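Taking our numbering, the leading residue of the sequence shown gets 1449, the next gets one more, and so forth. Notes follow the structure.
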Amino acid sequence: MDVHAGVKLCLTCILASLLLACTSYPDEGTGGIAENYAGSEFSPVMPEEPLGPEHGLRFDWKLAKLHLDSLVQEGAQWCFPAAVLQAQEKQNRIARELEGGLWIDAANDIVIQRKKLNDLELRLDYVLSQATCAPPQKGQEFDNMMQVVEQVYHLLNVDNQFAYDSVEVNPKYMGHLAEAANILKPHPSIRLSVTGHADATGSSEYNERIAKGRAQQVKRYLTIFGLEPARIDTHSLGEDLPLYEGDSPGVRLTNRRVSIDVIADQTSTPQQGVSR
């Protein structure tokens, strides 16, 4: 049995012990690669609480965290550091939603997180079948690049809502795109994956098309601001995986957006000839 399969077999046993825990978040400044990453101290069930549907979400959050931790233990933070950073920050977001009682929002984010972790696992399995993920030789260079990844990720995933039936980028987000392009120009190894989203108004075919148009419009402005087109991939999820559930004007506005992943997979060279 390989290491990854063994870790998966352990998840249920580990969960049984973790469900009994009752502590708090780490102190500020002790979050590791993702500053506010909620670690195993986050308890999925509080002892004084009656059981309810929210506990299933907390259980799912813990499963996702254990999945992410197992990928990190196998070296994902070295082969795919940007993906790990963003997955950790997504775990933080879900934890905050759970603590705030935002059950539907947490459920949406858990679906997104599971998909991203499954994709990361497939990529990692492929790399580890031929090599191993090793820490970078130049620690300061790696740290500097991860700061760029985090800065760009936060810069491009806010204030990008679109008007109804429109692919036009709003002026505030246009400034974010220009700033991100300037940050990324000296770092050619960093790429972007831009996914367009639509609200639930309209047909599925139309929403798929307009969401794709939003992603392509973001790519267009990034290239105008100086990034090579080959560094930017575009995708569309249409109305699938909304950021929030509901049909109010505010929720629909928020769901008309792009989500952007920052990809920096080649920060360290895998040691060839070493397999699992």
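By construction, the Cβ of each residue, glycine as well, lies at the ideal position given by its N, Cα and C atoms. Quick caveat: nothing in here was measured; it's all calculated off a predicted structure.
Fill in: Straight-line Cα distance separating residue 1601 from residue 1709
7 angstroms
Discussion item. Using a Cβ distance threshold of 8 angstroms, determine whether the region 1530-1542 contacts the region 1509-1518, with at least three qualifying pairs required.
Written reply: Cβ pair count under 8 angstroms is three or more, so yes.
Worksheet item: What number of angstroms, rounded off, separates the C-alpha of residue 1487 from the C-alpha of residue 1514?
Response: At residue 1487 the pLDDT is 48, less than 50, meaning the model places this residue with poor confidence and gives no usable figure here.
Discussion item. Quick test of your reading: residue 1700 and residue 1643, contact by CB under 8 angstroms. State the CB separation rounded to the nearest angstrom.
Written reply: Not really, about 18 angstroms apart at Cβ, beyond 8 angstroms.
Worksheet entry | In chain order, each beta strand (DSSP E) run of at least 3 residues that lies wholly inside the region 1582-1666 | 1639-1644
Fill in: Continuous beta strand (DSSP E) stretch holding residue 1707: start and end
1706-1711
Discussion item. By the DSSP assignment, the alpha helix (DSSP H) with residue 1567 in it spans what residues?
Written reply: 1551-1576
Worksheet item: Residues bridged to residue 1684 by DSSP?
Response: 1644
Fill in: Cβ pair count under 8 angstroms reaching 3, the region 1612-1626 against the region 1654-1663
With a cut-off of 8 angstroms, the region 1654-1663 and the region 1612-1626 count as touching, because enough Cβ pairs lie within range.
Item to complete: Please report the residue range of the alpha helix (DSSP H) in which residue 1545 lies.
Response: Judged by DSSP secondary structure, residue 1545 falls within the alpha helix (DSSP H) whose first and last residues are 1529-1547.
Discussion item. So, does the region 1624-1635 touch the region 1651-1658, judging by three or more C-beta pairs under 8 angstroms?
Written reply: no
Worksheet item: With distances taken from CA atoms, which of 1581, 1588, 1666 and 1564 is nearest residue 1620?
Response: 1666
Practice prompt. Would you kindly report the start and end of the unbroken alpha helix (DSSP H) that includes residue 1690?
Written response: Taken as a continuous stretch (DSSP letters only), residue 1690 belongs to no alpha helix (DSSP H), as it is neither H nor E.
Worksheet item: With a CB to CB cut of under 8 angstroms and the five nearest residues on each side skipped, what residues in its chain are close to residue 1677?
Response: 1667 and 1671
Worksheet entry | Selection from 1571, 1687 and 1543 that minimises the alpha carbon distance to residue 1529 | The residue with the shortest Cα to Cα distance from residue 1529 is 1571.
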